[in-house]
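Written below as structure tokens is the structure these notes are about.
There are 2 protein chains.
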Amino acid sequence: MPVNLQQPDRSRLFPVPGVTLAVAEAGVKQAKRRDVLVLELAPACRVAGVFTRNRFCAAPVILSRAHLASGQPIRALVVNTGNANAGTGEDGRQRARAICAALAEELGVNVEQVLPFSTGVILEPLPADRIIAALPTRQHADWLDAAEAIMTTDIMPKATSRQVMVNGKTVTVTGIAKGAGMIHPNMATMLGFIATDADVGQQALQQMVRDVADQSFNCVTVDGDTSTNDSFLLIASGQAGNATIDADSAAGYAELHDAVRDVAIELAQAIARDGEGATKFMTVTVEGGHDRAECKQVAYAIARSPLVKTAFFASDPNLGRLLAAIGYAGIDDLDVDRLDLYLDDVLVATGGGRNPAYREEDGQRVMNQPEITVRVKLNRGEASATVWTCDFSYDYVRINADYRS
Amino acid sequence: MPVNLQQPDRSRLFPVPGVTLAVAEAGVKQAKRRDVLVLELAPACRVAGVFTRNRFCAAPVILSRAHLASGQPIRALVVNTGNANAGTGEDGRQRARAICAALAEELGVNVEQVLPFSTGVILEPLPADRIIAALPTRQHADWLDAAEAIMTTDIMPKATSRQVMVNGKTVTVTGIAKGAGMIHPNMATMLGFIATDADVGQQALQQMVRDVADQSFNCVTVDGDTSTNDSFLLIASGQAGNATIDADSAAGYAELHDAVRDVAIELAQAIARDGEGATKFMTVTVEGGHDRAECKQVAYAIARSPLVKTAFFASDPNLGRLLAAIGYAGIDDLDVDRLDLYLDDVLVATGGGRNPAYREEDGQRVMNQPEITVRVKLNRGEASATVWTCDFSYDYVRINADYRS
Chain A
2 MPVNLQQPDR SRLFPVPGVT LAVAEAGVKQ AKRRDVLVLE LAPACRVAGV
52 FTRNRFCAAP VILSRAHLAS GQPIRALVVN TGNANAGTGE DGRQRARAIC
102 AALAEELGVN VEQVLPFSTG VILEPLPADR IIAALPTRQH ADWLDAAEAI
152 MTTDIMPKAT SRQVMVNGKT VTVTGIAKGA GMIHPNMATM LGFIATDADV
202 GQQALQQMVR DVADQSFNCV TVDGDTSTND SFLLIASGQA GNATIDADSA
252 AGYAELHDAV RDVAIELAQA IARDGEGATK FMTVTVEGGH DRAECKQVAY
302 AIARSPLVKT AFFASDPNLG RLLAAIGYAG IDDLDVDRLD LYLDDVLVAT
352 GGGRNPAYRE EDGQRVMNQP EITVRVKLNR GEASATVWTC DFSYDYVRIN
402 ADYRS
Chain B
2 MPVNLQQPDR SRLFPVPGVT LAVAEAGVKQ AKRRDVLVLE LAPACRVAGV
52 FTRNRFCAAP VILSRAHLAS GQPIRALVVN TGNANAGTGE DGRQRARAIC
102 AALAEELGVN VEQVLPFSTG VILEPLPADR IIAALPTRQH ADWLDAAEAI
152 MTTDIMPKAT SRQVMVNGKT VTVTGIAKGA GMIHPNMATM LGFIATDADV
202 GQQALQQMVR DVADQSFNCV TVDGDTSTND SFLLIASGQA GNATIDADSA
252 AGYAELHDAV RDVAIELAQA IARDGEGATK FMTVTVEGGH DRAECKQVAY
302 AIARSPLVKT AFFASDPNLG RLLAAIGYAG IDDLDVDRLD LYLDDVLVAT
352 GGGRNPAYRE EDGQRVMNQP EITVRVKLNR GEASATVWTC DFSYDYVRIN
402 ADYRS
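Protein chains in written order, with our numbering: chain A, 2 to 406; chain B, 2 to 406.
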């Protein structure tokens, strides 16, 4: 079951003026399930995105990148669950393009003004005909409906919303995400869409999506597998009436950035809380490194270790596995005699070995909690990084052994 | 259960003249279990080793490196299971040194002439007093006894033996290894000891141990975790009467190297066959790369992926997970449209997508086997690499959630 993750409150997901949502049942993988989401964007919307660095990136990722690069205003996003359209070669790209073309024709725009997204099983042909046939049947939806329409093995829909003042105007930021397995983003998560009615220039929006991804979706791992379809899109409709934020130095950039970041972090953490088979939510913080990169490297070594993750599943304060992961993180000049390791507030290791004052019952108390912070002080610099993950349970194996059946 | 791995035949494990084995019950972790192994070496023996690159390397690894570096002839190895003496700081080093000192005194040699090895739980104080007390009670043993005395979560002891002609003399090569979890060696496996009665110079022996490790123990992964204690030692007693092999260009080097390599590969594969919770043994071969490093990188991305490993556990030909792992292996200029992916002899993916002639029943037939070869042709060079691993089952989680209890 998801760890401290509630069903989003529908009434607290603020609509974003300029962004219209609709869902349809296309029967991509299952009948009678809303599996297609369309986001229609008003003409003034700006869109920026970051995508998976997996070389086997999916057909929709290739098309979305190309359509964004065309520079034409994006007028719609079309998302399906049930099939990732990945590892499908040129045929897969044609199918994704056909879906974009059908929606573009209906909306009276060019095919490049539609971005496609897919999530689900890899290496199966996408039933594009069924999606195209379902598009005209789509029904108006809100953000919670939208979050539900993009789920795969997610147990909980993931959506959140903020309103902040930007240059004297109230601005809304609302986002949804999906993803529970094959989560170890390089550039973004499985699928994340955040929309705001703020007015933001294209370059500033592109910078914001990169900055935010690096602090949110790129800090979560469930199983270390980087998906073929990871995409994170930021949409700014410009209808809030604020003066255009056209650079990261412009007034209002910081306030909007922080609101978008908070939405993205909440969604990213929700992915770890709802990680496949998760019973615990772990925050891994590494401090005192030379730079952020080495801190992240150590944090990911811990967060990816199957031995660490099974020990957390068992609530077993098997701290040696944490030390082993730190040791093999790949920092060649790491002086292990200088580092400190904490479980929440409990100092468990220092001076290259167990803290003499450490008592197993203190470690056990922390390990019994559903939320645990692992904190490593490298004591060799000023940088830090945080990564979120979940434990590794029987159910992870069950879910992934059963996924296609 | 181990995959196609039999109990070694005691009568086919040839003794190595110059190497005397003995085991004792020290009660390191459990009472009434043979948990200490001593290898006594005749005066002319030469010893070379490779060790873990984990920065949190264990006290015995630090001591073994230092004792080898002292240049004094090694006269004994002492190995305990049940406790890794890792993450134990200066106190752990003192305990390991005390064990070496006790054995050295008995044998009338210097403390630097004894190498210590430990395997088992991390971050617990090693009960050195019990080991020292048990040393005088040790009983003569053969190689199968020795293999059993170093097991931790291994189900099967791992030992094998060869005899080959080297420069007109019959030479024996016999080895043992242990390891089932926390297996992703950087320089060696958990513990591997191979002894030969060949006469080999120190420099040639050092080169041989590195070459062989790179082709055997460094090609196996169970869970991607690199141990704090990985050690692989090669002992040459010089009693076979061959002319000293004093360089890799010397007559006999190639024959001996190949015999040692074959023993090491069999032991390394045995570790994957006996991987924690293993139900399948997988060989991952990557061909046609620019260099061996990138082939190994792709092979390890596949062999480490929890999604790939759970699909193999389920006998599910979920080939998309293989493509995803290839895609995120980190080869930035990889052209996925050029690669071919085979399951045994079945071409499953080509041209960036599924092979049009591929039938699910062919993939299913291969996936149902206990031994499966995944073969990737990158089609961009002449290099290749092979890695061995096992699948990821419920039992992996159970074993690692229970390990300390």
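C-beta: ideal position from N, C-alpha, C; glycine also.
In terms of CA proximity to T390 of chain A, A:I272 leads the group A:A325, A:S316, A:I272. G83 of chain B is bridged by DSSP to B:G121. Taking a cut-off of 8 Å on C-beta distances, the segment 293-301 of chain A touches the segment 373-389 of chain A, as three or more cross pairs fall below it. Runs of the beta strand (DSSP E) lying entirely within the segment 97-162 of chain B, each at least 3 residues long, are 115-122, 140-142 in chain order.
For I332 of chain A, the chain B residues whose Cβ falls inside 8 Å of its Cβ are R56, in order along the chain. The C-alpha of K179 of chain A is placed about 54 Å away from the C-alpha of I132 of chain B. For N356 of chain B, the nearest beta carbon of chain A is not closer than 7 Å to its own beta carbon. In the three-state scheme derived from DSSP, where H, G and I count as helix and E and B as strand, F194 of chain A is classed as strand. If you look at D341 of chain A, you'll find it in the beta strand (DSSP E) that goes 341-344. Proximity to T351 of chain A across A:D363, A:D336, A:Q365 peaks at A:D336, based on C-alpha coordinates.
The three-state reading of DSSP puts S217 of chain A in coil, since its state is none of H, G, I, E or B.
Going by beta carbons, V367 of chain A and V347 of chain A fall inside the 7 Å limit.
Taking a cut-off of 8 Å on C-beta distances, the segment 255-269 of chain B touches the segment 194-205 of chain B, as three or more cross pairs fall below it.
Using a Cβ-Cβ cut-off of 8 Å, T229 of chain B is close to G321, L324, A325, G328 of chain A, given in chain order. Here S65 of chain A carries a helix assignment [DSSP, helix/strand/coil].
Secondary structure of A315 of chain A (DSSP, three-state): coil. Under DSSP, no beta-bridge partner is assigned to E91 of chain B. With a beta-carbon spacing of about 12 Å, M209 of chain A and L234 of chain A fall beyond the 8 Å limit used to define contacts. Inter-residue distance for R35 of chain A and A85 of chain A is about 16 Å (C-alpha atoms, whole angstroms). Here A315 of chain B is buried. Its C-beta has 16 or more other C-beta atoms within 10 Å. One finds G353, G354, R355 in chain A with Cβ atoms closer than 9 Å to the Cβ of T89 of chain B, taken in chain order. Looking at the DSSP output, Q164 of chain A bridges to A:T173. In the displayed model, I400 of chain B falls within a helix according to three-state DSSP.
Against T311 of chain A, the close residues of chain B are Y397, V398, N401, A402, in the order they occur along the chain (beta-carbon pairs closer than 8 Å). Comparing alpha carbon positions, the residue from B:F15, B:A330, B:M191 closest to S232 of chain B is B:M191. CA-to-CA, the gap between I151 of chain A and T120 of chain A works out to about 8 Å. Going by beta carbons, Q240 of chain A and P74 of chain A fall outside the 7 Å limit.
Per DSSP, the beta-bridge partners of G50 of chain A are A:L234.
For a Cβ distance threshold of 8 Å, nothing in chain B lies close to G290 of chain A: the least Cβ distance comes to about 14 Å. If you compare the alpha carbons of B:Q365, B:N380, B:A244 with that of H291 of chain B, the shortest gap goes to B:N380. In the displayed model, K310 of chain A falls within a helix according to three-state DSSP. In this structure, DSSP gives I373 of chain A an extended state, which the three-state scheme calls strand.
Under the Cβ criterion of 7 Å, L124 of chain A is counted among the residues facing chain B. Residue-level contact by beta carbon holds for L308 of chain A and chain B, with a gap shorter than 7 Å. The Cβ of F118 of chain B sits no closer than 7 Å to any Cβ of chain A. Counting along the chain, the unbroken alpha helix (DSSP H) around M368 of chain A starts and ends at 361-368.
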